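Below is one structure; the comments refer to it alone.
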């Protein structure tokens, strides 16, 4: 029993003092019964179909397409880095000079 003197004093004060009446006063404390629990959803009769979803995450692909895309990304990053140094590179330019069949 926690703090019995405080409990006794609170009980005496509520029994002997009149209830204040006012608009913003708290109503008399009542015990509320808990609400009934929500009904459970029915379980599915059949398990989920695993063939409809891919088993491998797209970022874990090991095919040639992902390797080519990674290579292109590296080339773009290298070109951007060299452009910050003043060197223009790309499929049609080497050090700013046009090369190849596009002359």
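In the working numbering, the protein residues as written are 1186 to 1288. Even glycine gets a Cβ: it sits at the ideal position worked out from N, Cα and C. Here the structure is a predicted model, which is why all the values come from computation and not from measurement.
Cβ shell of residue i (< 6 Å), same chain only, five flanking positions each side left out
i: residue 1198; result: none
i: residue 1193; result: none
Opposing strand residues paired with residue i [DSSP bridges]
i: residue 1189; result: According to DSSP, residue 1189 bridges with nothing at all.
i: residue 1278; result: 1283
For residue i, the three-state DSSP class (helix, strand or coil)
i: residue 1271; result: coil
i: residue 1216; result: coil
i: residue 1262; result: helix
Contacting residues, own chain, Cβ-Cβ under 7 Å from residue i (five flanking each side not counted)
i: residue 1274; result: 1264 and 1267
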